[in-house]
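Note that the protein sequences, when read in sequence, are chains A and B. If you count by the working numbering, then the first sequence holds residues 42 to 300, one letter each, in order. If you count by the working numbering, then the second sequence holds residues 42 to 300, one letter each, in order. Using N, Cα and C, we set each Cβ at its ideal position, and we do this for glycine too. Notes follow the structure.
2 protein chains.
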Amino acid sequence: MEEKRRKLGAPIPDAQPSATLLDSGSVAGSPAAAAVEPVNPRLPIAPQIYERLRRAITTLIVLPSEALSEKELSLQLGVSRTPVREALIRLADEGLVDILPQRGSFVAPIRLRDVEEAQFIRESLEVAVARRLAGHCSPRFLSELKLNLARQESAVAEQDRDFFLELDEAFHRGLCEEAGLSKSWRVIQSVKLQMDRVRYLSLPEPGHLDVLLAQHRQITEAIERGQADEAGLHMSAHLKEVLGSANLLRQKLAHLIES
Amino acid sequence: MEEKRRKLGAPIPDAQPSATLLDSGSVAGSPAAAAVEPVNPRLPIAPQIYERLRRAITTLIVLPSEALSEKELSLQLGVSRTPVREALIRLADEGLVDILPQRGSFVAPIRLRDVEEAQFIRESLEVAVARRLAGHCSPRFLSELKLNLARQESAVAEQDRDFFLELDEAFHRGLCEEAGLSKSWRVIQSVKLQMDRVRYLSLPEPGHLDVLLAQHRQITEAIERGQADEAGLHMSAHLKEVLGSANLLRQKLAHLIES
DNA sequence: CCTTGTACTCTACCATGGTAGAATGTCAAT
DNA sequence: ATTGACATTCTACCATGGTAGAGTACAAGG
Numbered sequence: 042m043e044e045k046r047r048k049l050g051a052p053i054p055d056a057q058p059s060a061t062l063l064d065s066g067s068v069a070g071s072p073a074a075a076a077v078e079p080v081n082p083r084l085p086i087a088p089q090i091y092e093r094l095r096r097a098i099t100t101l102i103v104l105p106s107e108a109l110s111e112k113e114l115s116l117q118l119g120v121s122r123t124p125v126r127e128a129l130i131r132l133a134d135e136g137l138v139d140i141l142p143q144r145g146s147f148v149a150p151i152r153l154r155d156v157e158e159a160q161f162i163r164e165s166l167e168v169a170v171a172r173r174l175a176g177h178c179s180p181r182f183l184s185e186l187k188l189n190l191a192r193q194e195s196a197v198a199e200q201d202r203d204f205f206l207e208l209d210e211a212f213h214r215g216l217c218e219e220a221g222l223s224k225s226w227r228v229i230q231s232v233k234l235q236m237d238r239v240r241y242l243s244l245p246e247p248g249h250l251d252v253l254l255a256q257h258r259q260i261t262e263a264i265e266r267g268q269a270d271e272a273g274l275h276m277s278a279h280l281k282e283v284l285g286s287a288n289l290l291r292q293k294l295a296h297l298i299e300s
Numbered sequence: 042m043e044e045k046r047r048k049l050g051a052p053i054p055d056a057q058p059s060a061t062l063l064d065s066g067s068v069a070g071s072p073a074a075a076a077v078e079p080v081n082p083r084l085p086i087a088p089q090i091y092e093r094l095r096r097a098i099t100t101l102i103v104l105p106s107e108a109l110s111e112k113e114l115s116l117q118l119g120v121s122r123t124p125v126r127e128a129l130i131r132l133a134d135e136g137l138v139d140i141l142p143q144r145g146s147f148v149a150p151i152r153l154r155d156v157e158e159a160q161f162i163r164e165s166l167e168v169a170v171a172r173r174l175a176g177h178c179s180p181r182f183l184s185e186l187k188l189n190l191a192r193q194e195s196a197v198a199e200q201d202r203d204f205f206l207e208l209d210e211a212f213h214r215g216l217c218e219e220a221g222l223s224k225s226w227r228v229i230q231s232v233k234l235q236m237d238r239v240r241y242l243s244l245p246e247p248g249h250l251d252v253l254l255a256q257h258r259q260i261t262e263a264i265e266r267g268q269a270d271e272a273g274l275h276m277s278a279h280l281k282e283v284l285g286s287a288n289l290l291r292q293k294l295a296h297l298i299e300s
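Right, dumping it as structure tokens:
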């Protein structure tokens, strides 16, 4: 039960052309000169390619304006061009890739205008979610939320930024889902990609996490008390805070940024 | 200069299997027993297929749960399966098609929950757009807007529903673009698809168009005066009105609706 | 009658080859 | 030195064939 799939053509040229770095985050230490981590041929391939490329772009493993050709990627990843192409199309839909017909596909530049609009869309939606949720949460959910906040506190105490970001995402996703708005979360996730590259660049300022945690608390309390206006205002302030450093970046990273 | 493309394989089996109706809205009278209108082989094909299918679904030419198989569509439309597949993937992203791996692709049922959430997303965004726009329009744009409103008035006078809906779309799109929020309009368009099928079903109630026009005027005036709160409230009321008839439909169309 | 196994048919999914078009470099003509 | 034609070499895009898997019909066995 090893090669159930992969019976047909393509000797698979061993994925060796110009050892590039598209490995996703394999947490456990990988052996020394590991080539590119192969995809799982038992699972749908296109989503795997999409996820890997998305991660490589948002973590700046591949930089803006870098070429992402169907053929090269398919060789590196050991799959055919079709799923690569489908992944690129989806990334282009989300604004992370520019496809120029008959010319090539390239990592999209960080367009500050797009980042700001993504911020606008996210804020508009999440403020509305918070307002709708105010006073309409199950006790079950409120206790979940507080457990999450407690974990955030310990993440802050240990200065574990990655863990905090993970809990932050769970916090916001949880609000959407408790409100029965899963599609909204999908939209938020989609536009958030534009901001993720910027967030990845922003240096971890000391004390920033404390601010974010405090804002999460304010949002939670306003929702619990049923104060829709306050919940919305706190959410708005919180989401503005997240991207506050964009102006700082504008100078430092002019070479990655368009507009 | 007729067959510049289309040199390679596929005799193209004349697109005759089970004359189905996927013609898009060819306004001019087409000859008698015209088969399916062929795609333009000089232009990118996948978007044409997408647009045609989207239109067929939102105008209920193809009904919920109807099969949309890659192969059959490619035969009917005289193209290969690849662009059909890409169009179906995009439609699935937008919730108009359900793709079940190894089973088939089907027109998605009208899920009232999804329709309501689409309404929520649209309202959240457009209220924010109206608020942001209040007091920040160019005189140029305001006169454009009033020209549009005047045309809406004549469309109402002539009871030309299609023309009114066209102007309505231009009105809302214009607000987004004047605010510099083109991506937001794309999101709105995408979620609006869920509502379009319902709107298409709603019978033209007499006097309804007058209400919508009056609301457009209220929104415009509040924006012109720079009254953000009022603009938002009018927009909210307006967008709620658009879908007010959903409850009426729930009974009449139980066979098309899920949940 | 109900279950189980087994061909058979259908699907979406992936691999892969061919095509036109865009960019670039070369070289002759101006 | 500049321009224009042509060849070369890329690209994304489309066509098409093969594959595994999910249903279904039906026969054999309970």
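Asked, Found
"Determine, for alanine 272(A), whether the minimum Cβ-Cβ distance to residues of chain B falls below 8 Å.", "no"
"Compare the Cα-Cα distances from isoleucine 264(A) to each of Ile140(A), Lys187(A) and Val77(A) and report the closest residue.", "Lys187(A)"
"Could you tell me which chain B residues have their CB closer than 9 Å to the CB of glutamate 158(A), listed as they occur along the chain?", "Gly221, Leu222, Ser223, Lys224 and Ser225"
"So, under 8 Å CB-CB, leucine 193(A) and histidine 257(A) are touching, yes? Tell me the CB distance rounded to an integer number of Å.", "The sequence as given places glutamine at residue 193(A); leucine does not occur at that position. The Cβ separation is near 7 Å, so the contact holds."
"Got a sec: which bits of the region 104-136 of chain A sit with their beta carbon under 7 Å from any beta carbon on chain B, in order along the chain?", "Glu127 and Ile130"
"For the region 157-168 of chain A against the region 277-286 of chain A, are there 3 or more C-beta pairs whose distance is under 8 Å?", "yes"
"When you compare each of Leu242(B), Leu183(B) and Leu216(B) to glycine 273(B) by their alpha carbons, which one comes out closest?", "Leu216(B)"
"Is there a Cβ from chain A that is less than 8 Å from the Cβ of leucine 166(B)?", "yes"
"Identify whether glutamate 299(B) lies in helix, strand or coil by the three-state DSSP scheme.", "strand"
"CB-CB under 6 Å to tyrosine 306(A), same chain, minus the five flanking residues each way: which ones, in chain order?", "Because chain A here runs from 42 to 300, residue 306(A) falls outside it and cannot be looked at."
"Less than 8 Å separating the beta-carbons of alanine 196(B) and phenylalanine 205(B)?", "yes"
"Put aspartate 201(B) into one of helix, strand or coil per three-state DSSP.", "coil"
"Which chain A residues are close to valine 252(B), counting only those with a beta carbon under 9 Å from its beta carbon?", "Simply none; closest approach about 24 Å."
"Taking only the alpha-carbon atoms, compute the straight-line gap between lysine 112(A) and leucine 118(B) and give it to the nearest angstrom.", "28 Å"
"Between which two residues does the beta strand (DSSP E) holding isoleucine 140(B) run?", "138-141"
"I'd like the span of the alpha helix (DSSP H) that includes valine 148(A), first residue to last.", "Unbroken run through valine 148(A) is the beta strand (DSSP E), 145-148; no alpha helix (DSSP H)."
"Among Leu190(B), Arg93(B), Val120(B) and Val239(B), whose alpha-carbon lies nearest the alpha-carbon of arginine 83(B)?", "Val120(B)"
"Between which two residues does the alpha helix (DSSP H) containing glutamate 246(A) stretch?", "Run containing glutamate 246(A): none; DSSP gives neither H nor E here."
"For a contact meaning CB atoms closer than 9 Å, what does aspartate 139(B) contact in chain A?", "What aspartate 139(B) touches in chain A: nothing, since even the nearest Cβ is about 15 Å away."
"What would DSSP say about alanine 97(B), mapped onto helix, strand or coil?", "helix"
"For the alpha helix (DSSP H) holding leucine 166(A), just list the boundary residues, first then last.", "153-174"
"For the alpha helix (DSSP H) containing leucine 109(A), list its first residue and its last residue.", "Looking at the DSSP string, leucine 109(A) is not in any alpha helix (DSSP H), and its letter there is neither H nor E."
"Name the two residues that bound the continuous alpha helix (DSSP H) containing alanine 220(A).", "Where alanine 220(A) is concerned, there is no enclosing alpha helix (DSSP H), given that its DSSP letter is neither H nor E."
"May I ask you to report which of helix, strand or coil DSSP gives serine 195(A)?", "helix"
"So isoleucine 260(A) packs on histidine 279(A), CB below 8 Å; how close in whole Å?", "6 Å"
"In three-state terms, what does DSSP make of histidine 30(A)?", "Outside the displayed range of chain A (42 to 300) lies residue 30(A), so it cannot be described from this structure."
"By the criterion of Cβ-Cβ separation under 8 Å, what are the contact partners of valine 228(B) in chain A?", "Ile162, Val228 and Val232"
"Nearest to serine 179(B) by alpha carbon, out of Glu219(B), Ala255(B), Asp251(B) and Arg95(B)?", "Glu219(B)"
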